[in-house]
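I have placed the structure first, in the form of structure tokens, so that the comments after it can refer back to it.
What follows is the structure, encoded as structure tokens:
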């Protein structure tokens, strides 16, 4: 046996052949002494050596005097070479194995007589394109499986990669022979598969999944689901919690559709459990969760209509927890597949079917949401992916938003939801207001949700929340989901908060506030009381000295809109003191070092000239000689004169 590892392959072949002859013509007591050495030669680099092992083991199985005592030790050696990379060895091993099976069947004909007819009939859902092993071969494996499974479980975790690869391939061959008899060994088989599918070697995982698929084909679903679903809900390995899901996906892929149908609800309910679909955020876990859903959809097709809601909940959750774009794309493809198997043309139809239930699902836990809750991310996926459908369920959505956006709720969560709403409101006609229902709720939304979040509170986090609320307000105003009449009703509460936001430390907040003010003036400026107007312009004038050029530009535009919106209600003589202050401040900025700012200010002042030309002319003449260049003042005076010629008093 020391020579069996000789450096020359011819010597190794001769040693194996000699060993075969010696054992064959002895009492057989030394079989155990040589088996481990022969097993090692199954991994020999030389095909001739592996072929010699195949011939010797096959010969022993056929002719060894006490072969029945060694079946459980010899069968794995021969079956391992049925998956050898060399076709000649594979065919030789398969041929010898058929001979062994046929001989055993003949020798035990009396024993098999009663079940011969039953055993010769293939199972109803036998894998297509696979040749069924003979009766004797199957019976040999079945009778020795109890001894083989523990050995497989041991070797599949061996430190040598070739051992793990060949062992996992052997398991697939054994399960093909065992058929439904693997049921009684299901517990250790599943444990072995959980271990094998976490292997770093891809070939091991591939064989493991092929074995799991065979279990799905041969083991009744009620039996494998009883064990598997418990393991999915409470995985035994904290480092590989996805292993049971991976095996489940493969098992489902092998289970025949008619047998799977009665268990769809049980499977889908398990996958949709928070403990299963929301507990882990590892990419590999989410991939296997997705694989399980896909396996159900591909195996059961239209039958999945009965569990469409649960599967959609899982797919929404995968998208919400995924940090990898490719995984989110896969989940979206699965949503499309869910539509396809039900005969739905688009995701819109799918969401229309389930939106009420989805919002109820989220509302059940809304009082406990925080920045760490997956539900806020699920909400984001649902409302953005459903498109115009969400506009049909505004009455159900609003209480949920009202609850999660109260000022006492988690700040990061509120910021996230406000940002989401801002995107939707910018395209309100195709999202929240697709049916015109949001417009009915917009005044209440502004009063009960947005305004409370604009109230000043100390701290950077509170400032960030106000910024996100301001972005949402701006989107609401821009998107047209609120009418001027509704805005006018809220003017007394809204304007003070927006004006105070002009003094925020955050440049973004000041910019949002300026832009919001511009839209408010554009929408209801002509309907505002002069006193309300007189509270606006001083705050805008302050922003002309802002550190941000963008804020300065927007505040100038707002002042131009303010001027253009003045009506006869605004008596220039009565409010001349206000106009004088406004003119004086604008003329200061007409002398700005930036020529583009000078041009913008000039345009605003030209609008002012139609309000109180005499007062403006007086103020311009007073500062003309004090400015760097009198050119803009002269242009303005010329413009005032042309107005007076066109419209003499």
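Numbering (UniProt numbering), first residue to last: 1 to 649.
Every residue, glycine too, gets a C-beta built ideally from N, C-alpha and C.
Sub-8 Å separation of residue i and residue j beta-carbons
| i | j | result |
| --- | --- | --- |
| residue 215 | residue 189 | yes |
| residue 402 | residue 335 | no |
| residue 428 | residue 466 | no |
| residue 636 | residue 605 | yes |
| residue 261 | residue 233 | no |
| residue 149 | residue 196 | no |
| residue 391 | residue 437 | yes |
| residue 491 | residue 524 | yes |
| residue 266 | residue 315 | no |
| residue 404 | residue 417 | yes |
| residue 50 | residue 75 | no |
| residue 271 | residue 293 | yes |
| residue 52 | residue 13 | yes |
Cβ neighbours of residue i in the same chain (closer than 8 Å, five flanking residues each side left out)
| i | result |
| --- | --- |
| residue 422 | 468, 471, 472, 474, 475 |
| residue 452 | 406, 407 |
| residue 648 | Caution is warranted here: a pLDDT of 49 is assigned to residue 648, below 50, making its placement in the model unreliable, and the coordinate value is therefore given only provisionally. So the list is empty, once near-sequence residues are dropped. |
| residue 166 | 42, 43, 80, 83 |
| residue 24 | 59, 60, 63, 64 |
| residue 562 | 521, 525, 533, 536, 537, 540 |
| residue 354 | 308, 309, 312 |
| residue 191 | 153 |
| residue 426 | 475, 478, 479 |
| residue 126 | 132, 217 |
| residue 518 | 554, 557, 558, 561 |
Nearest candidate by alpha-carbon position, reference residue i, set the options
| i | options | result |
| --- | --- | --- |
| residue 63 | 107, 591, 637 | 107 |
| residue 34 | 479, 597, 560, 17 | 17 |
| residue 669 | 378, 143, 445 | This structure cannot settle anything about residue 669, because the visible part of the chain is limited to 1 through 649. |
| residue 98 | 133, 113, 528 | 133 |
| residue 249 | 36, 289, 46 | 289 |
| residue 398 | 527, 387, 439, 575 | 439 |
| residue 415 | 607, 454, 330 | 454 |
| residue 39 | 30, 48, 57, 47 | 57 |
| residue 515 | 557, 113, 154, 497 | 557 |
| residue 382 | 409, 364, 348 | 348 |
| residue 243 | 55, 363, 318, 284 | 284 |
| residue 510 | 485, 552, 55, 484 | 552 |
| residue 245 | 323, 295, 223, 300 | 295 |
| residue 131 | 114, 164, 177, 93 | 177 |
| residue 633 | 643, 607, 642, 602 | 602 |
| residue 136 | 317, 431, 104 | 104 |
| residue 185 | 320, 517, 146, 280 | 146 |
| residue 303 | 257, 630, 322, 275 | 257 |
| residue 323 | 300, 301, 287, 298 | 287 |
Spatial neighbours of residue i in its chain, beta-carbon cut-off 6 Å, leaving aside the 5 residues before and after
| i | result |
| --- | --- |
| residue 512 | 470, 471, 474 |
| residue 255 | 216, 221 |
| residue 169 | 83, 207 |
| residue 351 | 386, 389 |
| residue 435 | 391, 392 |
| residue 446 | 490 |
| residue 424 | 431, 432 |
Nonlocal neighbours in the same chain, by C-beta distance under 7 Å from residue i, ignoring five residues either side
| i | result |
| --- | --- |
| residue 211 | 171, 172, 175, 193 |
| residue 461 | 411 |
| residue 640 | 609, 613, 616, 617 |
| residue 530 | 569, 570, 575 |
| residue 305 | 342 |
| residue 344 | 350 |
| residue 219 | 180, 182, 183, 186 |
CB contact check: residue i to chain B, cutoff 8 Å
| i | result |
| --- | --- |
| residue 406 | Of the protein chains in the structure, only one exists, and it is not chain B. |
Note to self: Contact between the region 363-374 and the region 338-353 is defined here as three or more beta-carbon pairs at a separation below 8 Å; is this criterion met?
What the structure shows: Contact fails: fewer than three Cβ-Cβ distances are below 8 Å.
Check: Three or more beta-carbon pairs under 8 Å between the region 231-238 and the region 169-184, yes or no?
Finding: Per the Cβ contact rule, the region 231-238 is not in contact with the region 169-184 (fewer than 3 Cβ pairs under 8 Å).
Margin query: Quick test of the definition: if touching needs 3 or more C-beta pairs under 8 Å, does the region 612-623 touch the region 580-597?
Written below: With the cut-off at 8 Å, the region 612-623 and the region 580-597 touch.
Next item on the list: Please confirm if the region 55-71 is in contact with the region 151-171, defined as three or more CB-CB distances below 8 Å between the two stretches.
Entry: no
Notebook entry, point to check: Can you find at least 3 beta carbon pairs, one from the region 569-578 and one from the region 540-553, that sit closer than 8 Å?
Noted result: The answer is no - the region 540-553 does not touch the region 569-578, with fewer than three Cβ pairs under 8 Å.
Item checked: Cβ contact (3+ pairs, closer than 8 Å) linking the region 296-313 and the region 349-366 -> yes
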